[in-house]
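K.L.:
Below are the structure tokens for one structure; questions will follow.
Protein chains: 2
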Amino acid sequence: MASKENLIVAVLGLGSMGTGIAENILKNGYKLVVWNRTQSKTKALVDAGSMSAETPREAAQQCDIMISCLFDDASVFDIVQGENGLLAGIRKDSIHISATTISPMAATQLTKLHQEKGVHYISGPVLGRPDTAAAGKLRTFLSGSQSVIDRITTVVECYCGGGLINSGEDPAHACVMKLSANLCVASIIDMYGQIYALNEKWKVPTDITKQLFSMLFTHPGILAYSEKVRNREYTNPGGVALRGGLKDINLMLHTGEEVGVPLPFVNVIHDHIVTGIANGLGDKDWSAFAESARLNSGIQQKESNNS
Amino acid sequence: MASKENLIVAVLGLGSMGTGIAENILKNGYKLVVWNRTQSKTKALVDAGSMSAETPREAAQQCDIMISCLFDDASVFDIVQGENGLLAGIRKDSIHISATTISPMAATQLTKLHQEKGVHYISGPVLGRPDTAAAGKLRTFLSGSQSVIDRITTVVECYCGGGLINSGEDPAHACVMKLSANLCVASIIDMYGQIYALNEKWKVPTDITKQLFSMLFTHPGILAYSEKVRNREYTNPGGVALRGGLKDINLMLHTGEEVGVPLPFVNVIHDHIVTGIANGLGDKDWSAFAESARLNSGIQQKESNNS
Numbered sequence: 016m017a018s019k020e021n022l023i024v025a026v027l028g029l030g031s032m033g034t035g036i037a038e039n040i041l042k043n044g045y046k047l048v049v050w051n052r053t054q055s056k057t058k059a060l061v062d063a064g065s066m067s068a069e070t071p072r073e074a075a076q077q078c079d080i081m082i083s084c085l086f087d088d089a090s091v092f093d094i095v096q097g098e099n100g101l102l103a104g105i106r107k108d109s110i111h112i113s114a115t116t117i118s119p120m121a122a123t124q125l126t127k128l129h130q131e132k133g134v135h136y137i138s139g140p141v142l143g144r145p146d147t148a149a150a151g152k153l154r155t156f157l158s159g160s161q162s163v164i165d166r167i168t169t170v171v172e173c174y175c176g177g178g179l180i181n182s183g184e185d186p187a188h189a190c191v192m193k194l195s196a197n198l199c200v201a202s203i204i205d206m207y208g209q210i211y212a213l214n215e216k217w218k219v220p221t222d223i224t225k226q227l228f229s230m231l232f233t234h235p236g237i238l239a240y241s242e243k244v245r246n247r248e249y250t251n252p253g254g255v256a257l258r259g260g261l262k263d264i265n266l267m268l269h270t271g272e273e274v275g276v277p278l279p280f281v282n283v284i285h286d287h288i289v290t291g292i293a294n295g296l297g298d299k300d301w302s303a304f305a306e307s308a309r310l311n312s313g314i315q316q317k318e319s320n321n322s
Numbered sequence: 016m017a018s019k020e021n022l023i024v025a026v027l028g029l030g031s032m033g034t035g036i037a038e039n040i041l042k043n044g045y046k047l048v049v050w051n052r053t054q055s056k057t058k059a060l061v062d063a064g065s066m067s068a069e070t071p072r073e074a075a076q077q078c079d080i081m082i083s084c085l086f087d088d089a090s091v092f093d094i095v096q097g098e099n100g101l102l103a104g105i106r107k108d109s110i111h112i113s114a115t116t117i118s119p120m121a122a123t124q125l126t127k128l129h130q131e132k133g134v135h136y137i138s139g140p141v142l143g144r145p146d147t148a149a150a151g152k153l154r155t156f157l158s159g160s161q162s163v164i165d166r167i168t169t170v171v172e173c174y175c176g177g178g179l180i181n182s183g184e185d186p187a188h189a190c191v192m193k194l195s196a197n198l199c200v201a202s203i204i205d206m207y208g209q210i211y212a213l214n215e216k217w218k219v220p221t222d223i224t225k226q227l228f229s230m231l232f233t234h235p236g237i238l239a240y241s242e243k244v245r246n247r248e249y250t251n252p253g254g255v256a257l258r259g260g261l262k263d264i265n266l267m268l269h270t271g272e273e274v275g276v277p278l279p280f281v282n283v284i285h286d287h288i289v290t291g292i293a294n295g296l297g298d299k300d301w302s303a304f305a306e307s308a309r310l311n312s313g314i315q316q317k318e319s320n321n322s
């Protein structure tokens, strides 16, 4: 690949994330082309030294690496296909990095469309908020051809300083990872909502509840449970067994009932514990209810869990 | 309170948590009395220099501070009440610390029973696993009379090195905090189960999925969302709005459907987003769906959220 001075990068889509990405690429000394559906949004970046393209096709005609940062599956297909689309102008061996949160199914389709043109598609959805984008500190999951990923790493590092998770060859995988990240963050946010509501109704001051989160999210035990679930190793030397965990879950539900706070995650977990016990995991570590997700998905139980 | 040499502490209940607590109190130079329903379990601690009591009453007759570490509400009431119960032998101004995970309602009742005898009840449920108990590194939530809590702090620190969260005067509050902690940990475990099942079926290697958790749980953004939810400040300068969040939630459900993985937390969050939008929060930050828990609990919406 050409040196930084000769490499031209395009950013397609200048929402708050795309704008942050573009600014950081420009700041790092790359030649930059920008495109946005509403062209007025390109002004600040053009004033700062970028070129502007009229269409995704025009951007593709000039660039080696294109980063699209849009809203959903449809908006990505929209700028890729058609008369003025990116694939109509793209040059052999160019690379399109898709930074939008899209479905893994779409990533598989987009890869095929690009391969038919002899060009490269890389999944690179980003995680973060507008302020982290502006600071060049987004996180990203990258998947696709590893030799192509090697060629784009320095460009991606402009906007994801230190936060790349290489997710392998299958372009669908980075999308699964991004959705998993959102699922994880959304679950934590929902849990915050449930716990603040519960504690507020019990009149526990919010600064005390806050200490709980500060303590738990830096605790190594939180990651240790990830390993138990990952490896399906629910050994339990002297700890609380799944059967005992049921007591605590019922206490949580009862504590919510007492003050009128529904705790829907607890209902889910309750049923997962019942499922776990019904499937022979009652004497395993209490965290064994995590297996319910695999059981419900038809993933076969590990032999050792039945012993 | 008497000096360490003259202070006698009892531990009632020698499961793996109680044993760890007792060992660490003994190790720190306190005189220790132990009691357990199955008396054989006291042997190792007696060999190490503890005294053993026949009944909770006998333990109470000898001790200044009693720590009970049992299974549930019923087992705590059981050792407190009756002819051979702790309250039958307790001495004026003694302190009973209840380390069991019990309901906040039980803590309120137990406080009353102790007050009638002119003695002190402190809620001190502990968080951790047998190995952390053995290491003296449990976490605890303490609530009750603050002057009494001051008198027991050095004893509690024997088994909860550096991990005390003072939860105020109301003895119910430490129990609410402990159940909140369990709710938090259980939610994370369930989420691990869901994400590993989803990624396994998409054939994402588990070591890549693991990197996601290592990254997220050390990320300051996770705690930043706690503050947004705590303060109900869902401002959103350029970020994804709740309305936009709905797209990602539907993507998650679809990504699960594609490979046959039910994601029950996502169903819950989906409904919370719909509730949030229906209550005028659609243009707020996407994390505003956490408000659903308060809305569903009859907690009045903040004026500013409607603006």
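Line by line, the protein sequences are chains A and B. Remember, my numbering sits 15 above the position in the first sequence when you count from 1. Remember, my numbering sits 15 above the position in the second sequence when you count from 1. For glycine and all other residues, C-beta sits at the position ideal for the given N, C-alpha and C.
Should B/N251 go down as buried or exposed, given a rule of 16 or more other Cβ atoms within 10 Å for buried?
P.N.:
buried
K.L.:
Across the segment 182-194 of chain A and the segment 284-303 of chain B, are there enough close Cβ pairs to call them in contact, namely three or more that are closer than 8 Å?
P.N.:
no
K.L.:
Is B/A149 a contact residue of the ligand COA, with contact defined as CB to any heavy atom under 6 Å?
P.N.:
Ligands displayed in this structure: none; no statement on the ligand COA is therefore possible.
K.L.:
Taking 7 Å as the threshold (beta carbon to beta carbon), is B/S31 in contact with chain A?
P.N.:
Among the residues facing chain A, B/S31 is included, as its CB has a counterpart in that chain under 7 Å away.
K.L.:
Alpha carbon to alpha carbon, how far is A/L213 from A/P277?
P.N.:
9 Å
K.L.:
Compare the C-beta of A/S160 with all C-beta atoms of chain B and state if any pair is closer than 7 Å.
P.N.:
no
K.L.:
In whole angstroms, what separates the C-alpha of B/G159 from that of B/D108?
P.N.:
14 Å
K.L.:
Compute the Euclidean distance between the alpha carbons of A/K127 and A/D205, then round it to the nearest angstrom.
P.N.:
37 Å
K.L.:
Among the residues of its own chain, which have a CB less than 7 Å from the CB of A/S322, if the five just before and after it don't count?
P.N.:
Legend: pLDDT at A/S322 = 38, less than 50; position of this residue unreliable, value from coordinates given subsequently. Excluding sequence neighbours, A/S322 sits near nothing in its chain.
K.L.:
Which same chain residues, not among the five before or five after A/V244, have their C-beta less than 6 Å away from its C-beta?
P.N.:
A305
K.L.:
With 7 Å as the threshold, decide whether the Cβ of A/Q226 is near any Cβ in chain B.
P.N.:
yes
K.L.:
So, with DSSP's three-state summary, where would you put A/R72?
P.N.:
Secondary structure of A/R72 (DSSP, three-state): helix.
K.L.:
In three-state terms, what does DSSP make of A/W217?
P.N.:
coil
K.L.:
Here's the rule: buried if 16 or more other CB atoms are within 10 angstroms of the residue's CB, otherwise exposed. What is A/D298?
P.N.:
Per the 10 Å Cβ criterion, exposed.
K.L.:
Kindly identify the DSSP beta-bridge partner or partners of B/M66.
P.N.:
B/V48
K.L.:
Quick one: does A/M81 have its CB under 7 Å from some CB of chain B?
P.N.:
no
K.L.:
Based on the DSSP output, what are the partners of A/A256 in its beta bridges?
P.N.:
A/D300
K.L.:
Count the C-beta pairs between the segment 195-210 of chain A and the segment 109-129 of chain B that are closer than 8 Å, then say yes if the count reaches three, no if not.
P.N.:
no
K.L.:
By Cβ distance below 6 Å, which residues in the same chain neighbour B/A121 in space, the five residues on each side in sequence not counted?
P.N.:
D88
K.L.:
Distance, Cα to Cα, A/Q209 vs A/D79?
P.N.:
48 Å
K.L.:
Going by other Cβ atoms of all chains shown within 10 Å of its Cβ, with 16 needed for buried, is B/G295 buried or exposed?
P.N.:
exposed
K.L.:
Would A/Y207 pass as an interface residue toward chain B - the criterion being a Cβ-Cβ separation below 7 Å?
P.N.:
With 7 Å as the cut-off, A/Y207 counts as an interface residue toward chain B.
K.L.:
Name the residue from B/F92, B/I314, B/A293, B/P279 whose alpha carbon lies nearest to the alpha carbon of A/N311.
P.N.:
Nearest option by C-alpha distance: B/P279.
K.L.:
What residues in the segment 30-60 of chain A have a beta carbon less than 7 Å from any beta carbon of chain B?
P.N.:
Going along the segment 30-60 of chain A in chain order, one finds S31 with a Cβ nearer than 7 Å to chain B.
K.L.:
Quick check on DSSP: helix, strand or coil for B/Y249?
P.N.:
coil
K.L.:
For the segment 24-32 of chain A and the segment 44-52 of chain A, state whether three or more C-beta atom pairs, one from each stretch, are separated by less than 8 Å.
P.N.:
yes
K.L.:
Taking only beta-carbon positions, decide if B/G139 is within less than 7 Å of chain A.
P.N.:
no
K.L.:
So B/A303 packs on B/L257, CB below 8 Å; how close in whole Å?
P.N.:
The pair is a contact, with the Cβ atoms about 5 Å apart (cut-off 8 Å).
K.L.:
Grouping DSSP H, G and I as helix and E and B as strand, with all else coil, what is B/F156?
P.N.:
strand
K.L.:
Taking its Cβ as the centre, do 16 or more other Cβ atoms sit within 10 Å of A/N246, making it buried, or is it exposed?
P.N.:
exposed
K.L.:
With a cut-off of 8 Å on the beta carbons, I'd call A/L85 and A/T115 a contact; round off their distance for me.
P.N.:
5 Å
K.L.:
Under a three-way DSSP split, which group does A/S322 fall into?
P.N.:
Note that A/S322 scores a pLDDT of 38, beneath 50, so its modelled location is shaky and nothing firm can be said.
K.L.:
Please list the partners that A/I314 has in chain B, where partner means a Cβ-to-Cβ separation under 8 Å.
P.N.:
In chain order: A212, E215, K216.
K.L.:
For A/V141, which three-state DSSP category applies?
P.N.:
strand
K.L.:
Assign A/R144 to buried or exposed, taking buried as 16 or more other Cβ atoms, counted over all protein chains shown, within 10 Å of its Cβ.
P.N.:
That one is buried.
K.L.:
Counting only C-beta atoms, is B/C199 closer than 7 Å to chain A at any point?
P.N.:
yes
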